[in-house]
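In what follows, a single structure is set out as structure tokens and then discussed.
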Amino acid sequence: MPIYSSNTDVAGYETLNTRRKHNLFNRQGGSEKNDPHRFVEGMSFKGKLIGVLEVSEARGDRMCQDALAELKMAVRAAGEHKQRILISVAMDGIRLRDERSSDCLYHHPVHKISFIAQDMTDSRAFGYIFGSPDAGHKFFGIKTEKAASQVVIAMRDLFQVVFELKRRK
1 MPIYSSNTDV AGYETLNTRR KHNLFNRQGG SEKNDPHRFV EGMSFKGKLI GVLEVSEARG
61 DRMCQDALAE LKMAVRAAGE HKQRILISVA MDGIRLRDER SSDCLYHHPV HKISFIAQDM
121 TDSRAFGYIF GSPDAGHKFF GIKTEKAASQ VVIAMRDLFQ VVFELKRRK
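Each residue of the sequence shown is one higher than the one before, starting from 1 at the first, in the UniProt record's numbering.
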């Protein structure tokens with residue numbers, strides 16, 4: 001069995017089957033997580049926006065846990081449904097889009113995200129801090145359809161790829 005499969009596109013150029021291409025990286029000692037090509041089109045995850053809260057610091061796990069708990073209590077008290085979103089993790093940053101209309105609610109460039117925290121009490125919830133010292137910092141609380149660790153790991157890998165690309169320049 002070949003390490004990768006190829007297809008010939010309309011113009012006659014040979015293209016690699018994407019799934020096999022990632023297997024190629026794994027077999028030759030390379031790493032799929034540091035492959036910048038997986039972030040070109042972006043990775044999408046389904047979730048719900050718990051809420052947005054202004055925070056005093058750019059980082060801090062305890063502060064993030066408190067902010068997430070506060071947002072969850074506010075949603076429960078309001079008795080409203082959380083907004084369904086698509087979380088797109090791509091080279092240009094994190095985009096939060098409305099699931100139904102596909103409108104971009106928020107776009108956060110990678111260099112302005114200062115901290116990511118997973119909820120200690122809920123494996124499907126996480127949040128991140130976005131902002132700058134001048135404009136202030138906001139915490140975005142999100143509940144994912146599947147395990148939040150998938151999104152958190154994708155974001156961590158994206159930060160690593162962006163860091164490596166900047167270091168090479």
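We put the CB at the ideal spot given by N, CA and C, even for glycine.
Note that the structure is predicted; figures quoted are calculated from it, not measured.
Host alpha helix (DSSP H) of residue i (start-end)
i: ARG84; result: Looking at the DSSP string, ARG84 is not in any alpha helix (DSSP H); the run it does join, the beta strand (DSSP E), is 83-90.
i: MET73; result: 61-78
Same chain, Cβ closer than 7 Å to residue i, neighbours up to 5 away in sequence not counted
i: LEU96; result: LEU49, ILE85, ILE87, LEU105, TYR106
i: LYS112; result: PHE130, GLY131, SER132
i: residue 184; result: The chain is shown from 1 up to 169; residue 184 falls before or after that span and cannot be answered.
Proximal residues to residue i (C-beta, below 8 Å), its chain only, five neighbours per side dropped
i: ALA147; result: SER123, ARG124
i: MET43; result: SER88, VAL89, ALA90, ALA154
Range covered by the beta strand (DSSP E) that runs through residue i
i: PHE139; result: 136-144
i: ASP98; result: 93-98
i: ALA147; result: Where ALA147 is concerned, there is no enclosing beta strand (DSSP E), given that its DSSP letter is neither H nor E.
i: HIS111; result: Looking at the DSSP string, HIS111 is not in any beta strand (DSSP E), and its letter there is neither H nor E.
i: SER132; result: 125-132
In DSSP terms, what residue i is bridged to
i: GLU54; result: LYS138
i: LYS46; result: LEU86
i: GLN118; result: PHE126
6 Å CB neighbourhood of residue i in its chain, flanking five on each side removed
i: SER149; result: none
i: ASP92; result: none
i: VAL162; result: VAL110
Whole-Å CB distance - residue i paired with residue j, under 8 Å assumed
i: HIS137; j: VAL55; result: 5 Å
i: GLY127; j: LEU165; result: About 26 Å; that fails the 8 Å criterion.
i: PHE140; j: VAL52; result: 6 Å
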